[in-house]
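Peer 1: Quick note: the sequence shown uses our numbering, first residue 20, plus one each step. Where a beta carbon is used, it is the ideal one built from N, C-alpha and C, also for glycine. Just so you know, these numbers come straight off a predicted model, no measurement behind them.
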Amino acid sequence: MLENLDALLLARIQFAFTVSFHFFFPAFSIGLASYLAVLEGLWLKTGKSVYHDLFKYWLKIFAIAFAMGVVSGIVMSYQFGTNWAVFSDKAGPVIGPLMAYEVLTAFFLEAGFLGVMLFGMEKVGKKLHFAATLMVALGTFVSAFWILSVNSWMQTPTGYEIGANGQFLPGSSWWDIVFNPSFPYRLVHTVMAAYLTTAFVVGAVGAWHLLKDKANPHARKMFSMAMWMAAIVTPLQIFAGDMHGLNTLEHQPAKVMAMEGHYQSHPEGAPLILFGIPDSEAKTVRYAIEIPDLSSLILKHDLNAPMAGLDTIPDDQEPPVGTVFWSFRVMVGIGFAMLGIGLWSLWGRARRRLYDMPWLHRAAVLMGPSGFAAVLAGWITTEVGRQPYVIYGVLRTADAASPLDAPAVAASLLAFVVVYFTVFGIGVWYILKLMGKAPHAGESGIKGDIDGPIRTAGITPGPTQNPGGEEPLPTEAPSEKEPV
Numbered sequence: 020m021l022e023n024l025d026a027l028l029l030a031r032i033q034f035a036f037t038v039s040f041h042f043f044f045p046a047f048s049i050g051l052a053s054y055l056a057v058l059e060g061l062w063l064k065t066g067k068s069v070y071h072d073l074f075k076y077w078l079k080i081f082a083i084a085f086a087m088g089v090v091s092g093i094v095m096s097y098q099f100g101t102n103w104a105v106f107s108d109k110a111g112p113v114i115g116p117l118m119a120y121e122v123l124t125a126f127f128l129e130a131g132f133l134g135v136m137l138f139g140m141e142k143v144g145k146k147l148h149f150a151a152t153l154m155v156a157l158g159t160f161v162s163a164f165w166i167l168s169v170n171s172w173m174q175t176p177t178g179y180e181i182g183a184n185g186q187f188l189p190g191s192s193w194w195d196i197v198f199n200p201s202f203p204y205r206l207v208h209t210v211m212a213a214y215l216t217t218a219f220v221v222g223a224v225g226a227w228h229l230l231k232d233k234a235n236p237h238a239r240k241m242f243s244m245a246m247w248m249a250a251i252v253t254p255l256q257i258f259a260g261d262m263h264g265l266n267t268l269e270h271q272p273a274k275v276m277a278m279e280g281h282y283q284s285h286p287e288g289a290p291l292i293l294f295g296i297p298d299s300e301a302k303t304v305r306y307a308i309e310i311p312d313l314s315s316l317i318l319k320h321d322l323n324a325p326m327a328g329l330d331t332i333p334d335d336q337e338p339p340v341g342t343v344f345w346s347f348r349v350m351v352g353i354g355f356a357m358l359g360i361g362l363w364s365l366w367g368r369a370r371r372r373l374y375d376m377p378w379l380h381r382a383a384v385l386m387g388p389s390g391f392a393a394v395l396a397g398w399i400t401t402e403v404g405r406q407p408y409v410i411y412g413v414l415r416t417a418d419a420a421s422p423l424d425a426p427a428v429a430a431s432l433l434a435f436v437v438v439y440f441t442v443f444g445i446g447v448w449y450i451l452k453l454m455g456k457a458p459h460a461g462e463s464g465i466k467g468d469i470d471g472p473i474r475t476a477g478i479t480p481g482p483t484q485n486p487g488g489e490e491p492l493p494t495e496a497p498s499e500k501e502p503v
């Protein structure tokens, strides 16, 4: 049975599955690391214990999300060699150094300061601990910087040369590769999406506990901070998304045609199709609900501007329209729902009823996972819209896969499905369990089980450690009042 399956399709499904799981955790940890830095900074500035308690509350959740993000990310690196060996061979001279820069900068930065951030609150000074938290937050951003630079280069490849062996080689300047045409827009749009993802998770947790006890000061504080983010950042994100779309129209017009559902060219103004059912065989959107000329106004700022359609490109270069069309609408729809929550919260705040609006709180709880759905829908729009290319315009996906048999890819895909749903399912369940506990004064934070250094050779000192031959003094655990 497995022999009849398509190895290329299975390899694409496998990578899509693993990267979808992985994307959830960085999207959360990037924003949460910055939120933790803000909480600790406000605690140091104001001395209010509520910020300190919230820092410890969310630190435990961050530790688990960060760990699952690291583990899930390692798997994808191996897939470059197993399922996409041709791509790795051809593009390795360009993308290899960029991914190495992520390790040398972001990973080392996070590894150097994460332990201090998680376990050093009582062991180092307050300012040093705050510096460690800032470095971890910076590390998450730097990691996103390099990964998005790689992805953007695959979307808009520049600054390369083709070697005699068919490899993509760096050209005269690495700046052209790193800062390729779509990278600045994708970086801003994705990082802001991570911040909004975190904001709506924090807001949902705060709203959940406000529904149980609207007088809880910790729930009030986190909900208020999250709603400020929703009200301020969502309009900025919509603007950034619009700019990103204009950049995509310039460099990847076929993707925008699929997003808009424009099978046919429109010489005198293109309609904005709100909903419909794309039919790629008939080259039309059935049951379309559309607004005349609005697509031209949005994309070219002119109601009568001509818009090219998919009829201007060969069929074998056309992306899967149905998938791109609907994933784009899911992303945009969630974005405007976020804007609605933000405006609703401003209305409640203006009436001094932000904490006395149970319907707003219920809506915020429902919107808790909306950020994850939006980033996943956006990723699908970006990656599926690039097809049939893995490096846009120059290397087809079908030419980038490893020469593997379908049963081999299917077996590893099945293993990933079982392991991922088991391991990460347990992790997500534990995170939800932590979120279900109400934040309170005197949060414990993360505690290690070891109060002091371990002697790996045993408890009793050896002769070189006890040259006088005296009987070693009995060891006692330090009291809570004694410094460690």
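(1) Using only the heavy atoms of the ligand SAM, determine whether one of them is closer than 7 angstroms to the beta carbon of GLN174.
(2) Distance, Cα to Cα, TYR59 vs ASN266?
(3) Count the CB pairs spanning the region 62–74 and the region 399–415 that are closer than 8 angstroms, and state whether there are at least three.
(4) For LEU28 and ALA130, I'd like the C-alpha separation in whole angstroms.
(5) Where THR253 and ARG368 are concerned, what is the direct C-alpha to C-alpha distance, given to the nearest angstrom?
(6) Measure how close the beta-carbons of PHE149 and GLY390 come, nearest whole angstrom, since I'm counting them as under 8 angstroms.
(7) Would you check if the region 338–345 and the region 316–328 touch, i.e. whether three or more CB-CB distances between them fall below 8 angstroms?
(8) Could you pull out every residue in the same chain whose Cβ sits closer than 8 angstroms to the Cβ of MET386, ignoring the five residues on either side in sequence?
(9) So, at 6 angstroms on beta carbons, what are the nonlocal neighbours of HIS380 in its own chain, with the 5 sequence-adjacent residues on each side left out?
(10) Cα separation between GLY481 and PHE187?
(11) Checking the sheet assignment: what are the DSSP bridge partners for VAL304?
(12) Look at the alpha carbon of ILE308 and the alpha carbon of ALA429, and state the distance between them as a whole number of angstroms.
(13) Counting only runs that start and end within the region 382–424, where is the alpha helix (DSSP H) found for 4 or more residues in a row?
(14) Straight-line CA distance for ILE80 to LEU157?
(15) By DSSP, does TYR374 sit in helix, in strand, or in coil?
(16) Does the pairing of the region 95–108 with the region 451–461 give three or more beta-carbon distances under 8 angstroms?
(17) Given a threshold of 16 other Cβ atoms within 10 Å of its Cβ, counted over all protein chains shown, does ASN184 qualify as buried or as exposed?
(18) So, at 6 angstroms on beta carbons, what are the nonlocal neighbours of ILE469 in its own chain, with the 5 sequence-adjacent residues on each side left out?
(19) How many angstroms separate the CA atom of ALA420 from the CA atom of PHE242?
(20) Which residue wins for smallest C-alpha separation from GLN336, given the options PHE106, PRO388, TRP193 and MET276?
(21) Tell whether a beta-carbon distance below 8 angstroms holds between THR209 and ALA163.
(22) By the 10 Å Cβ neighbour count, where 16 or more other Cβ atoms means buried, how is ASP72 classified, buried or exposed?
(23) Is the CB-CB distance between TYR411 and THR175 below 8 angstroms?
(24) At what residues does the beta strand (DSSP E) containing LEU188 begin and finish?
(25) Between PHE34, ALA245, LEU24 and PHE40, which has its C-alpha nearest THR441's C-alpha?
(26) Apart from the five residues on each side of it in sequence, which residues of its chain come closer than 7 angstroms, Cβ to Cβ, to PHE42?
(27) Going by beta carbon distance, what residues of the same chain come within less than 7 angstroms of PRO112, once the five residues before and after it are set aside?
(28) Which value, in whole angstroms, describes the spacing of the CA atoms of PRO45 and ASP232?
(29) Any idea what DSSP makes of LEU230, helix, strand or coil?
(30) Alpha carbon to alpha carbon, what distance is there between MET454 and ARG371?
(31) Work out the CA separation of MET244 and LEU373 for me, nearest whole Å.
(32) Which one of THR303, TYR439, TRP165 and GLN33 has the shortest CA to CA distance from LEU117?
(33) Using 8 angstroms for Cβ pairs, my map puts LEU432 next to ILE32. What's the rounded Cβ distance?
(34) With a CB to CB cut of under 7 angstroms and the five nearest residues on each side skipped, what residues in its chain are close to GLY295?
(35) I need the straight-line Cα distance from ALA327 to THR124, nearest angstrom please.
(36) Using the Cβ count rule (16 or more neighbours within 10 Å means buried), how would you classify LEU147?
Peer 2: On the basis of the data shown:
(1) The ligand SAM is absent from the structure shown, which contains no ligand whatsoever.
(2) In the sequence shown, residue 59 corresponds to position 40, counting from 1. In the sequence shown, residue 266 corresponds to position 247, counting from 1. The residue asked about is misnamed: residue 59 is Glu in this sequence, not Tyr. For GLU59 and ASN266, the distance between alpha carbons rounds to 37 angstroms.
(3) no
(4) As a position in the sequence shown, residue 28 is number 9, starting the count at 1. As a position in the sequence shown, residue 130 is number 111, starting the count at 1. Their Cα atoms are separated by approximately 36 angstroms.
(5) The residue you call residue 253 lines up with position 234 of the sequence shown. The residue you call residue 368 lines up with position 349 of the sequence shown. Rounded to the nearest angstrom, the two C-alpha atoms are 17 angstroms apart.
(6) Counting from 1 along the sequence shown, the entry for residue 149 is found at position 130. Counting from 1 along the sequence shown, the entry for residue 390 is found at position 371. The pair is not a contact, with the Cβ atoms about 26 angstroms apart (cut-off 8 angstroms).
(7) no
(8) Residue mapping note: residue 386 aligns to position 367 of the sequence shown, counting from 1. Excluding positions up to five away in sequence, the list reads PHE219, GLY222, ALA223, ALA356, MET357 and ILE360.
(9) Within the sequence shown, numbered from 1, the residue matching residue 380 stands at position 361. Hits under 6 angstroms: ALA226, LEU229 and LEU230.
(10) The count along the sequence shown starts at 1 and reaches residue 481 at position 462. The count along the sequence shown starts at 1 and reaches residue 187 at position 168. For GLY481, the pLDDT reaches just 49, beneath the cut-off of 50, and the residue's location in the model is therefore unreliable, leaving the point undetermined.
(11) Stepping through the sequence shown from its first residue, residue 304 is reached at position 285. For VAL304, which the question treats as bridged, DSSP gives the partners PRO297.
(12) As a first step, residue 308 must be located in the sequence shown, where it is residue number 289. As a first step, residue 429 must be located in the sequence shown, where it is residue number 410. Answer to the nearest angstrom: the Cα atoms are 40 angstroms apart.
(13) 389–405
(14) Position 61 of the sequence shown, counted from the first residue, corresponds to residue 80. Position 138 of the sequence shown, counted from the first residue, corresponds to residue 157. About 18 angstroms.
(15) Numbered from 1 along the sequence shown, position 355 holds the residue referred to as residue 374. DSSP places TYR374 in coil when its eight states are reduced to three.
(16) no
(17) As a working mapping, residue 184 is identified with position 165 in the sequence shown. Classification for ASN184: exposed.
(18) On the sequence shown, position 450 is the one that residue 469 refers to. Residue confidence for ILE469 is low, a pLDDT of 49 falling below 50, so the modelled location carries little weight; the figure read from the coordinates is stated next. Nothing meets the Cβ criterion.
(19) Within the sequence shown, numbered from 1, the residue matching residue 420 stands at position 401. Within the sequence shown, numbered from 1, the residue matching residue 242 stands at position 223. Whole-angstrom Cα-Cα distance: 46 angstroms.
(20) Residue mapping note: residue 336 aligns to position 317 of the sequence shown, counting from 1. That would be MET276, whose Cα lies nearest to the Cα of GLN336.
(21) The residue given as residue 209 occupies position 190 in the sequence shown. The residue given as residue 163 occupies position 144 in the sequence shown. Cβ atoms of THR209 and ALA163: closer than 8 angstroms.
(22) For this step, residue 72 is matched to residue 53 along the sequence shown. That one is buried.
(23) The count along the sequence shown starts at 1 and reaches residue 411 at position 392. The count along the sequence shown starts at 1 and reaches residue 175 at position 156. Their beta carbons are under 8 angstroms apart, which means TYR411 touches THR175 by this criterion.
(24) Here the question's residue 188 lines up with position 169 in the sequence shown. Where LEU188 is concerned, the enclosing beta strand (DSSP E) stretches over 187–189.
(25) As a working note, residue 441 is residue 422 in the sequence shown. Closest by alpha carbon: PHE40.
(26) Within the sequence shown, residue 42 is the residue found at index 23, counting from 1. Around PHE42: VAL394, LEU395 and TRP398.
(27) Counting from one through the sequence shown, the residue named residue 112 turns up at place 93. Closer than 7 angstroms at the Cβ level, and outside the excluded window around PRO112, lie GLN186, PHE187, LEU188 and PRO189.
(28) Working through the sequence shown from its first residue, we reach residue 45 at position 26. Working through the sequence shown from its first residue, we reach residue 232 at position 213. C-alpha separation (whole angstroms): 31 angstroms.
(29) For the purposes of this step, residue 230 is taken as residue 211 along the sequence shown, with counting starting at 1. Correct three-state label for LEU230: helix.
(30) Here residue 371 refers to the residue found at position 352 of the sequence shown. Here residue 454 refers to the residue found at position 435 of the sequence shown. Rounded to whole angstroms, ARG371 to MET454 spans 26 angstroms at the Cα level.
(31) Against the sequence shown, residue 373 aligns to sequence position 354. Against the sequence shown, residue 244 aligns to sequence position 225. Cα-Cα distance, rounded: 12 angstroms.
(32) Here residue 117 is taken as the residue at index 98 of the sequence shown, counted from 1. The residue with the shortest Cα to Cα distance from LEU117 is TRP165.
(33) Stepping through the sequence shown from its first residue, residue 432 is reached at position 413. Stepping through the sequence shown from its first residue, residue 32 is reached at position 13. With 8 angstroms as the limit, LEU432 and ILE32 qualify as a contact, their Cβ atoms being about 6 angstroms apart.
(34) Here the question's residue 295 lines up with position 276 in the sequence shown. Within the same chain, GLY295 has close Cβ partners GLY280, VAL304, ARG305, TYR306, ALA307 and ILE308.
(35) Along the sequence shown, one-based indexing puts residue 327 at 308. Along the sequence shown, one-based indexing puts residue 124 at 105. Near 43 angstroms, if we compare the C-alpha coordinates of THR124 and ALA327.
(36) Against the sequence shown, residue 147 aligns to sequence position 128. Result: exposed.
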